[in-house]
Amino acid sequence: MNATPPVSVIMPVLNEERYLRTSVRHILEQEYDGEMEVVIALGPSTDRTDEIAAELVRETASGKRRVITVPNPTGRTPAALNAAIQASHHPIVVRVDGHGMLSPNYIATAVRLLEETGAQNVGGVMHAEGENAWEDAVAAAMTSKIGVGNAAFHTGGEAGPAETVYLGVFRREALEQQGGYNVEFIRAQDWELNFRIREAGGLIWFSPELRVQYRPRPSVKALAKQYKDYGRWRHVVARYHEGSINLRYLAPPTAVCAIAAGLVVGAVLTPLGFVIPAGYLAAITAGSVPAGKGLPLKARLQIPVALATMHMSWGYGFLTSPRSLAKKVIASRRPAVKKGETV
Numbered sequence: 001m002n003a004t005p006p007v008s009v010i011m012p013v014l015n016e017e018r019y020l021r022t023s024v025r026h027i028l029e030q031e032y033d034g035e036m037e038v039v040i041a042l043g044p045s046t047d048r049t050d051e052i053a054a055e056l057v058r059e060t061a062s063g064k065r066r067v068i069t070v071p072n073p074t075g076r077t078p079a080a081l082n083a084a085i086q087a088s089h090h091p092i093v094v095r096v097d098g099h100g101m102l103s104p105n106y107i108a109t110a111v112r113l114l115e116e117t118g119a120q121n122v123g124g125v126m127h128a129e130g131e132n133a134w135e136d137a138v139a140a141a142m143t144s145k146i147g148v149g150n151a152a153f154h155t156g157g158e159a160g161p162a163e164t165v166y167l168g169v170f171r172r173e174a175l176e177q178q179g180g181y182n183v184e185f186i187r188a189q190d191w192e193l194n195f196r197i198r199e200a201g202g203l204i205w206f207s208p209e210l211r212v213q214y215r216p217r218p219s220v221k222a223l224a225k226q227y228k229d230y231g232r233w234r235h236v237v238a239r240y241h242e243g244s245i246n247l248r249y250l251a252p253p254t255a256v257c258a259i260a261a262g263l264v265v266g267a268v269l270t271p272l273g274f275v276i277p278a279g280y281l282a283a284i285t286a287g288s289v290p291a292g293k294g295l296p297l298k299a300r301l302q303i304p305v306a307l308a309t310m311h312m313s314w315g316y317g318f319l320t321s322p323r324s325l326a327k328k329v330i331a332s333r334r335p336a337v338k339k340g341e342t343v
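Each residue of the sequence shown is one higher than the last, beginning at 1 in the UniProt record's numbering.
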């Protein structure tokens, strides 16, 4: 591989007026000597996202690092990614979200890791960082083991092979070989694509050297929806691929059931039932102390709220995930395509 191969950065966006310009700036200012293009797939936004994207296209039209846009009328992330891949040209494809901020040497490091490891996709740490007390609380919860367990791309860890990684920097040949993303996976599309790459014999590589600054959801409601969707689609993944579930994924739905049972027992039979929800509240309160180290008091006080929102929403989403959704996704299953085969 050329030490500085040309790179395509693909970005699915929908209602990203708050961070889009900053996110693109972090791409255009990368410490990388190779040629670069940025392809933004525009969903049906209701804010100024399209206007900002048009400004970025005009501002970079005469430069060496150009921004172009493609339409994504469905608004679905996997469809946006596929549209951006098709409109891009270079042998390395970097996925970035509209609220993700790449560290200055992210692309250079990823290209080096692709060469060193022979991986088809490399990715790193989703480094949550807020801009106010609530977002700081969510960021602390999202990067703590009491919040997300031992997920390496949230909490960090040693470099090595992985089932999936955050976002990803791909060899184009791997994406084209697998026919891109499965559009039925509204969430968890990264996991599903990486699953096919691994089935075809490809390597997915995690490295803590790769860091993407991530902005948390700005409200309890938005965070609850995000984690409900995570739980819902994690159950789809479990039905799609037997054996992919583990105790970490079962902890939130178990907590939801235990707390609900405790409240019912406490209200109907004996006050002892309230021991379960009280114990949970005590646990997340205690766990928020190390998670909030160094944060202002206002942010530290909100960490238990963020933790409870994440746990309960994820667990509820997992428990209520309809079997019909899994059946639809399973029906769209794409077999892994090995080198030399056609999609």
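Each residue gets a CB set at the ideal place from its N, CA and C atoms; glycine is no exception.
When 325, 38, 50, 11 are compared, the shortest CA-CA separation from residue 233 is found for 325. In the DSSP assignment, residue 189 falls within the unbroken alpha helix (DSSP H) covering 189-199. Judged by beta-carbon spacing, residue 110 lies beyond the 8 Å limit of residue 11, meaning their Cβ atoms are not closer than that value. The three-state reading of DSSP puts residue 235 in helix, counting H, G and I together. Cβ atoms of residue 196 and residue 336 come within 8 Å of each other, at about 4 Å. Between residue 107 and the set 64, 177, 29, the nearest pair of CA atoms involves 29. With contacts defined by Cβ atoms closer than 8 Å, residue 80 and residue 41 form a contacting pair. Rounded to whole angstroms, the separation of the alpha carbons of residue 165 and residue 190 is 8 Å. The shortest C-alpha to C-alpha distance from residue 63 to any of 35, 201, 251 is the one to 35. DSSP places residue 76 outside both helix and strand once states are collapsed to three, so it counts as coil. C-alpha of residue 310 to C-alpha of residue 177: approximately 36 Å in a straight line. Distance from the CA atom of residue 271 to the CA atom of residue 264, rounded to whole angstroms, is 10 Å. A straight line joining the alpha-carbon of residue 208 with that of residue 27 spans about 19 Å. In the DSSP assignment, residue 208 falls within the beta strand (DSSP E) that extends over 204-214.
Taking 8 Å as the cut-off, the Cβ atoms of residue 90 and residue 212 do not count as close. In summary, residue 58 is exposed, with fewer than 16 beta-carbon neighbours lying within 10 Å of its beta-carbon over all protein chains present. Restricting attention to 203, 21, 137, 148, the CA atom closest to the CA of residue 247 is found in 148. When the Cα atoms are used, residue 161 and residue 226 turn out to be separated by approximately 27 Å.
Contact between residue 214 and residue 129 holds: CB atoms are separated by about 7 Å, below the 8 Å threshold. Within the model, the alpha-carbon separation for residue 170 versus residue 185 is close to 19 Å.
A residue is called buried when at least 16 other Cβ atoms come within 10 angstroms of its Cβ; residue 331 does not meet this threshold and is exposed. Closest in alpha carbon position to residue 223, among 142, 119, 206, 279, is 142.
Closest in C-alpha terms to residue 205, from the list 118, 313, 37, comes 118.
Scanning its chain for C-beta atoms nearer than 6 Å, with the 5 sequence neighbours on each side dropped, one finds around residue 95 the residues 10, 167, 168, in chain order. In the three-state reduction of the DSSP assignment, residue 48 falls in the coil class. Residue 201 and residue 179 have their C-alpha atoms spaced approximately 16 Å apart. Counting along the chain, no alpha helix (DSSP H) covers residue 93; the unbroken beta strand (DSSP E) around it starts and ends at 92-95.
For residue 248, the enclosing alpha helix (DSSP H) covers residues 247-268.
In this structure residue 289 is exposed. Its beta-carbon is surrounded by fewer than 16 other beta-carbon atoms within 10 angstroms.
By alpha-carbon distance to residue 182, the top candidate from 198, 293, 334 is 334. Per DSSP, residue 21 is one residue of the alpha helix (DSSP H) stretching across 20-28. The shortest C-alpha to C-alpha distance from residue 217 to any of 245, 255, 100, 269 is the one to 100.
Counting along the chain, the unbroken beta strand (DSSP E) around residue 127 starts and ends at 121-128. The continuous beta strand (DSSP E) containing residue 170 extends over residues 166-171. When C-alpha distances from residue 259 are compared across 250, 249, 275, 268, the shortest belongs to 275.
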